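Visitor: Mapping to this note's numbering: the sequence shown position 214 is 208, numbers consecutive.
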Amino acid sequence: MENANWVISTQNLLLLIGVVLWHLPKKDRAGATFKLPLWKLKWWDGAFYLLLLALGMATNLGSVLLPCIAFFVFREIYQAKYDAPLNTRTMSIGAIGQSAVVNFLCHWPILFLVYWISSTLLYNAEPQKSIEVLRSGSWEKQFEIALLALLIAPVTEELFFRAILYRVFKSLLSAGPAMVLTSFAFAAVHQNLFAFAPLFTLSFFLILVYERTGNLAVPILYHALFNSLTVIFVIWGNA
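Here is the structure:
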């Protein structure tokens, strides 16, 4: 019964976060905060990319790479539907780095708070397999996971979840529901209850950064910073 109560509390927490995040983007959009233009898509476009994501996970073909490949193929074939660019603003390397670091530092207290709440409510939940490898695996395995977390994951996941899936949802719905659905998909694809709330919150902030800067490189670097701290805390800080 004790564990059931924790699960109910976690569901209520996620519901509260979802309700709050649902309304915030609409207020920001009214103030012309968002910069990304819409594509000309229909509802089945979003369902198709989610289906490819599930297919990639089920067949080990690369859960993120498979829909990304399909996206760029369709982008060439149906150019009128995908006429909006992935980046709407050109930024220097210094500006990209500054924006990523400043936004990450501003959001870090909230990310840490959500992580602390999740770890308190779900203290018996199993961590992600990659976390276990970082804690007790060989240095070769640790290096492999670190390389994936610091370089490969930020690029591929931002390309799919923020540049593709979020903007597809945004074209079909409004910014608020698109943020919630994309963040839910991002957290769910990692298949770990303990990490769900922190990853949901991380995804929300990554979308905000992408919308406000108009440059995908900023959330990519932001994502890499988050993963870097996670790797450091797990290996040397016993997180």
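Backbone N, C-alpha and C define an ideal beta-carbon position, used for all residues, glycine too.
Here the structure is a predicted model, which means the values were calculated and not measured.
Would you kindly work out how many angstroms separate the C-alpha atoms of leucine 99 and lysine 29, rounded to a whole number?
Guide: Each residue's alpha carbon lies about 22 Å from the other.
Visitor: Which same chain residues, not among the five before or five after leucine 175, have their C-beta less than 6 Å away from its C-beta?
Guide: Excluding residues within five positions, the ones whose Cβ falls inside 6 Å are Phe163.
Visitor: Alpha carbon to alpha carbon, what distance is there between tyrosine 76 and phenylalanine 154?
Guide: Going from the Cα of phenylalanine 154 to the Cα of tyrosine 76 covers about 14 Å.
Visitor: Write down the C-beta distance between leucine 200 and histidine 184 rounded to the nearest angstrom, noting that I regard them as a contact closer than 8 Å.
Guide: Going by Cβ atoms, the distance from leucine 200 to histidine 184 rounds to 14 Å, so no, they are not a contact pair.
Visitor: Who are the near neighbours of threonine 150 in its chain, counting only those whose CB is closer than 6 Å to its CB and skipping five residues on each side?
Guide: Val58.
Visitor: Going by CA-CA distance only, name the one from Ala64, Phe190, Leu80 and Glu126 that's closest to leucine 105.
Guide: Out of Ala64, Phe190, Leu80 and Glu126, Phe190 has the C-alpha closest to the C-alpha of leucine 105.
Visitor: In whole angstroms, what separates the C-alpha of lysine 21 from that of alanine 169?
Guide: Confidence at lysine 21 is low in this model, with a pLDDT of 49, below 50, so its placement is unreliable and no value can be given for it.
Visitor: Note down the Cα distance separating alanine 64 from tyrosine 204, rounded to an integer number of angstroms.
Guide: One C-alpha to the other measures close to 22 Å.
Visitor: Quick check on DSSP: helix, strand or coil for aspartate 77?
Guide: Coil, per DSSP.
Visitor: What is the rounded straight-line gap between the Cα of valine 228 and the Cα of asparagine 186?
Guide: Computed Cα separation, rounded: 17 Å.
Visitor: From alanine 140 to threonine 207, what distance separates their C-alpha atoms?
Guide: Cα-Cα distance, rounded: 27 Å.
Visitor: Which of helix, strand or coil does DSSP assign to glutamate 120?
Guide: Coil.
Visitor: Are leucine 47 and leucine 159 closer than 9 Å when you measure CB to CB?
Guide: Cβ atoms of leucine 47 and leucine 159: closer than 9 Å.
Visitor: For phenylalanine 137, count neighbouring C-beta atoms within 10 Å of its own C-beta (all shown protein chains included) and say buried if the count is 16 or more, exposed if not.
Guide: Exposed is the call here.
Visitor: Taking buried to mean at least 16 other C-beta atoms within 10 Å of its own C-beta, is aspartate 38 buried or exposed?
Guide: The sequence given here has tryptophan at residue 38, not aspartate. By the neighbour-count rule (16 or more Cβ atoms within 10 Å), tryptophan 38 is not buried but exposed.
Visitor: Out of Ser124, Ser130, Ser86 and Ala74, which one is the CA nearest neighbour of lysine 34?
Guide: Cα-wise, what sits closest to lysine 34 is Ala74.
Visitor: Is the beta carbon of serine 124 closer than 9 Å to that of proline 192?
Guide: No.
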